[in-house]
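S.K.: Numbering (this note's numbering), first residue to last: -16 to 223.
The beta carbon of each residue, even a glycine, is placed where N, CA and C say it ideally should be.
Here's a structure for you.
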Amino acid sequence: MSDPLKIAILCGGYGKRLLPFTEEIPKPMVSINGKPILEHILKLYNSKGFSDFILCIGYKGEKIREFISSRSDFGNIIFSDAGTDASMLQRIISLKDMFNERIMISYGDTLTDLDINDFLRFHSSSNGAATIVAASIQSPFGLVNYNLDGKAVYFEEKPFLNYYIGHIILEKRSLDFVDDSMISSQDGLGLVSFLKKLMAEGQLYVYHYKGPQITFNSHGERTNAEKMLSSFYTLNENTE
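Next up, the structure:
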């Protein structure tokens, strides 16, 4: 029998576009309707039967440690600290000795109603080294592409496009594809290079998600997230 799935949540970013909130606290501790977004994430995972977490802290990580130490209702939580300036890929690499077969990576500023068990089943059936989650969005524009001679080769009015929403299941063997150039790349660039390498090797799969998503990077997006949160939970209750 395989070990319970561990979920690593990336919590180390600066959240500069959310200043002045993030002068004193890290982005996952920014409040949405009276509670840190991290609390909403952890409790949602708890409601789906998952309680084994690694919090990948960095900037103002002591604030997250203090918050978690004051609570006992989230499950088993341990910390990984790759440093304040570590990139996302460096934080993921630092987890290598903290899980056995596979791990799920999640973001500390994104709330989704992902069916994790179905996601895990899809990943396991693929035999790939990694699976990312994607959702669809309709472009508000007509998209066009053309060759060097200016001849049009593609035109589509307001097409639906797929975009990555910030969840990954990684097999431990996937980390063998990481090279030094990826590790030295800044912030998210190394992670993108890593996923592209897996894709080139035929080891990256995509799980399609159709549910709601709440994430924010700016004050305007945070305000919108607060408006979306009540309907998010109403939808979640109606689908249980």
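Which first and last residues belong to the alpha helix (DSSP H) in which glutamine 73 is found?
M.R.: Run containing glutamine 73: 71 to 76, per the alpha helix (DSSP H) assignment.
S.K.: Take every Cβ of the stretch 20 to 36, pair it with every Cβ of the stretch 54 to 63, and state whether three or more of those distances are shorter than 8 Å.
M.R.: Yes, since at least three Cβ pairs between the stretch 20 to 36 and the stretch 54 to 63 fall closer than 8 Å, the two stretches touch.
S.K.: Which whole runs of the alpha helix (DSSP H) in the stretch 158 to 222 are 4 residues long or more, in chain order?
M.R.: Whole alpha helix (DSSP H) segments, 4+ residues: 163 to 167, 172 to 183, 202 to 221.
S.K.: Going by the CB atoms, is the gap between asparagine 16 and glutamate 204 shorter than 8 Å?
M.R.: No, the Cβ-Cβ distance between glutamate 204 and asparagine 16 is not below 8 Å.
S.K.: Could you tell me if glutamate 223 is buried or exposed, where buried requires 16 or more neighbouring beta carbons within 10 angstroms of its beta carbon?
M.R.: The predicted model places glutamate 223 with a pLDDT of 41, which falls under 50 and marks its position as unreliable; any figure quoted below should be read in that light. By the neighbour-count rule (16 or more Cβ atoms within 10 Å), glutamate 223 is not buried but exposed.
S.K.: Do glutamate 84 and lysine 155 have their CB atoms nearer than 8 Å?
M.R.: Going by C-beta atoms, glutamate 84 is nearer than 8 Å to lysine 155.
S.K.: Whole-angstrom Cβ separation of leucine 78 and leucine 174, contact assumed at under 8 Å?
M.R.: 13 Å between Cβ atoms; not a contact.
S.K.: Isoleucine -10 and serine 89: beta carbons closer than 8 Å?
M.R.: Yes, Cβ-Cβ distance for isoleucine -10 and serine 89 is below 8 Å.
S.K.: Per the contact definition of three or more C-beta pairs closer than 8 Å, is the stretch -4 to 3 in contact with the stretch 192 to 206?
M.R.: Yes: the two stretches touch, three or more of their Cβ pairs being nearer than 8 Å.
S.K.: Starting from asparagine 29, trace the alpha helix (DSSP H) both ways and give me its first and last residue.
M.R.: Its alpha helix (DSSP H) spans residues 20 to 30.
S.K.: CB-CB under 6 Å to tyrosine -3, same chain, minus the five flanking residues each way: which ones, in chain order?
M.R.: Here the set comprises Tyr42.
S.K.: If you check the beta carbons only, do phenylalanine 215 and isoleucine 197 fall under 8 Å apart?
M.R.: Against a cut-off of 8 Å, the Cβ pair of isoleucine 197 and phenylalanine 215 comes out as a contact.
S.K.: Leaving out five residues before and five after aspartate 170 in sequence, what residues of the same chain have Cβ atoms less than 6 Å from its Cβ?
M.R.: If we look at aspartate 170 and ignore the five residues flanking it on each side, its Cβ neighbours are Ser70.
S.K.: Please identify the residue among Asp92, Ala112, Thr93, Met87 whose C-alpha is closest to the C-alpha of asparagine 100.
M.R.: Of Asp92, Ala112, Thr93, Met87, the residue nearest in Cα terms is Met87.
S.K.: Taking C-alpha atoms, which residue in Thr93, Ser53, Ile75, Ile76 lies nearest to tyrosine 28?
M.R.: Ranking Thr93, Ser53, Ile75, Ile76 by Cα distance to tyrosine 28 puts Thr93 first.
S.K.: What residues in its chain sit with their C-beta under 6 Å from that of alanine 118, if we drop five residues either side in the sequence?
M.R.: Correct list, in chain order: Ile148, Tyr192.
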